[in-house]
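Residue numbers (my numbering): 3 to 389.
By construction, the Cβ of each residue, glycine as well, lies at the ideal position given by its N, Cα and C atoms.
As the structure is a prediction and not an experimental result, all values here were calculated from the model.
Have a look at the structure below before the remarks.
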């Protein structure tokens, strides 16, 4: 067979590690989120950082087809990708911009959450040159300590921005820093926001993230910003029964070895076998985004059974104990995140074991791990490579 005869992408059975993305689960989570908000409230779906590792373009196309009104992004690079992909849905940059970004942002009618007067000036100047109006959302720092105008500055800065002739204030917002853990502090932030209500009366507002949606219905204002919940990862434990994980991560058994008692496993001999054991080598490692800190802590699923990781996780391989699975063979599927049989491993579980948060687990999966899009309404080359 000539080189030209091979497909551009190998068929799924030949992949050593891949991520399954379930469109049905994504749409289910959208419907669940809709039940938490009034009909008039619009959803800003947060798709920054490759849609939390799920894939910026395929996920965005699916969200748009499912009726999502606005896509929340990180920067101008993501905006360019989306526009080049033919996505014309309103975009909202959630992070600070730089002066060179302003002309492109204005030209493509992209909204920006701003935290400073100089951002407003850059956008206003670009809009003046293009004969257009820039779109901004003003953020108030009610306790996050990251972005936003400080409360004592807000009124003065808002009045200055209002005077800019080529700029439109589309909304006022804030960011809850502890909606998943501290109800009292979240309410304190909400009340701090309301202190300024008379000054931005008539402007739409948005404050709620995924966690806040399940705290108080009043937080669902004119817009809500939903990220984690869309992808089926619960910001609070009790929400797990309401959401469906969109992502599963899998790999293959590539080698099986029978080793004697006392045999060391992997670099540094951090694990020595306590009895004669059957060890399976899996085709994934920290170079693919699986945290090395999960060495000797986490499990994978093979044939519906939990198999413990043994020894240090290496760049592209890891070892697991399959002594209790005599039927395990080379080529078998191993689940790193997801469900197999009656067992499940969640991003939350791995996050706790590695001392981090689920956001980092899923966004850390490397781009070299192929995404396999299933059950998507939006049919495109990206979404149907392996269906």
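| What separation, rounded to the nearest whole angstrom, lies between the Cα atoms of residue 184 and residue 45? | Within the chain shown, numbered from 1, the residue matching residue 184 stands at position 182. Within the chain shown, numbered from 1, the residue matching residue 45 stands at position 43. Rounded to whole angstroms, residue 184 to residue 45 spans 24 Å at the Cα level.
| Whose C-beta lies closer than 6 Å to the C-beta of residue 134 among residues of the same chain, with five residues either side of it excluded? | Residue numbering aside, residue 134 sits at position 132 when the chain shown is read from its first letter. Excluding positions up to five away in sequence, the list reads 108.
| query | Is residue 185 helix, strand or coil when you go by DSSP? | reply | Reading the chain shown from its first residue, position 183 is the one you call residue 185. Three-state result, residue 185: helix.
| Does DSSP put residue 180 in a helix, a strand or coil? | The residue you call residue 180 lines up with position 178 of the chain shown. In the structure shown, residue 180 sits in coil (DSSP, three-state: anything other than H, G, I, E or B).
| DSSP three-state assignment for residue 139, whether helix, strand or coil | In the chain shown, counting from the first residue as 1, residue 139 sits at position 137. Strand.
| query | Which value, in whole angstroms, describes the spacing of the CA atoms of residue 118 and residue 366? | reply | The residue given as residue 118 occupies position 116 in the chain shown. The residue given as residue 366 occupies position 364 in the chain shown. Residue 118 and residue 366: Cα-Cα distance of roughly 31 Å.
| In chain order, what residues of the same chain lie with their CB nearer than 7 Å to the CB of residue 332, ignoring the 5 residues before and after it? | Counting from one through the chain shown, the residue named residue 332 turns up at place 330. Excluding residues within five positions, the ones whose Cβ falls inside 7 Å are 255, 256, 257, 258.
| request: Work out the CA separation of residue 339 and residue 251 for me, nearest whole Å. | output: Sequence index remark: in the chain shown, residue 251 carries index 249 (1-based). Sequence index remark: in the chain shown, residue 339 carries index 337 (1-based). So the alpha carbons of these two residues sit roughly 5 Å apart.
| Between the CA atoms of residue 239 and residue 380 - distance to the nearest angstrom | The sequence position of residue 380 within the chain shown is 378, counting from 1. The sequence position of residue 239 within the chain shown is 237, counting from 1. In a straight line, the C-alpha of residue 380 is about 31 Å away from that of residue 239.
| task | Measuring only between beta-carbons, confirm whether residue 261 sits less than 8 Å from chain C. | result | Although the question refers to chain C, the structure presented lacks it and comprises just one protein chain.
| query | Going by DSSP, what residues sit across from residue 304 in a beta bridge? | reply | Start at 1 with the first residue of the chain shown, and residue 304 comes out as number 302. Answer is 307, 336, bridged to residue 304.
| field | Buried versus exposed, by CB contacts within 10 Å (16 or more), residue 288 | value | Here residue 288 refers to the residue found at position 286 of the chain shown. The residue is buried, with at least 16 neighbouring Cβ atoms inside 10 Å.
| field | Run of the beta strand (DSSP E) containing residue 170, from where it starts to where it stops | value | Counting from 1 along the chain shown, the entry for residue 170 is found at position 168. Element bounds for residue 170: 169-175.
| I think residue 72 touches residue 50, with their Cβ atoms under 8 Å apart; what is that distance to the nearest whole Å? | Residue 72 sits at position 70 when you count from the first residue of the chain shown. Residue 50 sits at position 48 when you count from the first residue of the chain shown. The Cβ separation is near 13 Å, so there is no contact.
| task | Assign residue 289 to one of three DSSP states: helix, strand, or coil. | result | Here residue 289 corresponds to residue number 287 of the chain shown, with the count starting at 1. In this structure, residue 289 counts as helix in the three-state DSSP scheme.
| Among all the DSSP beta bridges, which residues are the ones paired with residue 341? | The count along the chain shown starts at 1 and reaches residue 341 at position 339. Paired residues: 346.
| said: Contact defined as beta carbons within less than 8 Å: I believe residue 112 pairs with residue 93. What is the distance between those atoms, to the nearest angstrom? | reply: Counted from its first residue, the chain shown places residue 112 at position 110. Counted from its first residue, the chain shown places residue 93 at position 91. 5 Å between Cβ atoms; contact.
| DSSP-derived helix/strand/coil call for residue 199 | Within the chain shown, the letter at position 197 stands for residue 199. If DSSP states are grouped into helix, strand and coil, residue 199 belongs with coil.
| request: Classify residue 246 as helix, strand or coil using the three-state DSSP reduction. | output: Counted from its first residue, the chain shown places residue 246 at position 244. Looking at residue 246 - three-state DSSP - the assignment turns out to be coil, as it is neither helix nor strand.
| Near residue 8, what residues of its chain come up, given a Cβ to Cβ distance below 6 Å and the 5 sequence neighbours on each side ignored? | As a first step, residue 8 must be located in the chain shown, where it is residue number 6. Any answer about residue 8 is weak, because its pLDDT of 41 lies below 50 and its placement is not dependable; what the coordinates show is given next. Nothing listed; no residue qualifies.
| request: Can you say whether residue 156 is buried or exposed, counting buried as having 16 or more other CB atoms within 10 angstroms of its CB? | output: Residue 156 sits at position 154 when you count from the first residue of the chain shown. Per the 10 Å Cβ criterion, buried.
| Mind checking whether residue 319 and residue 275 have CB atoms under 8 Å apart? | In the chain shown, residue 319 corresponds to position 317, counting from 1. In the chain shown, residue 275 corresponds to position 273, counting from 1. Cβ atoms of residue 319 and residue 275: not closer than 8 Å.
| query | Helix, strand or coil: which one does DSSP assign to residue 274? | reply | As a working note, residue 274 is residue 272 in the chain shown. Three-state result, residue 274: strand.
| DSSP puts residue 24 in a beta bridge; with which residues? | Taking the chain shown and counting its residues from 1, one reaches residue 24 at position 22. Note: residue 24 sits in a beta bridge opposite 376.
| Using DSSP with H/G/I as helix, E/B as strand and the rest coil, what is residue 240? | The residue given as residue 240 occupies position 238 in the chain shown. Helix.
| said: Assuming contact is defined by CB atoms lying nearer than 8 Å, are residue 215 and residue 31 in contact in what I supplied? | reply: Within the chain shown, numbered from 1, the residue matching residue 215 stands at position 213. Within the chain shown, numbered from 1, the residue matching residue 31 stands at position 29. No, Cβ-Cβ distance for residue 215 and residue 31 is not below 8 Å.
| request: Mind reading off the beta-carbon distance from residue 150 to residue 188? Whole number of angstroms is fine, and I expect it under 8 Å. | output: As a working mapping, residue 150 is identified with position 148 in the chain shown. As a working mapping, residue 188 is identified with position 186 in the chain shown. About 16 Å; that fails the 8 Å criterion.
| query | Looking only at DSSP bridge pairs, what is residue 93 linked to? | reply | Start at 1 with the first residue of the chain shown, and residue 93 comes out as number 91. According to DSSP, residue 93 bridges with 73.
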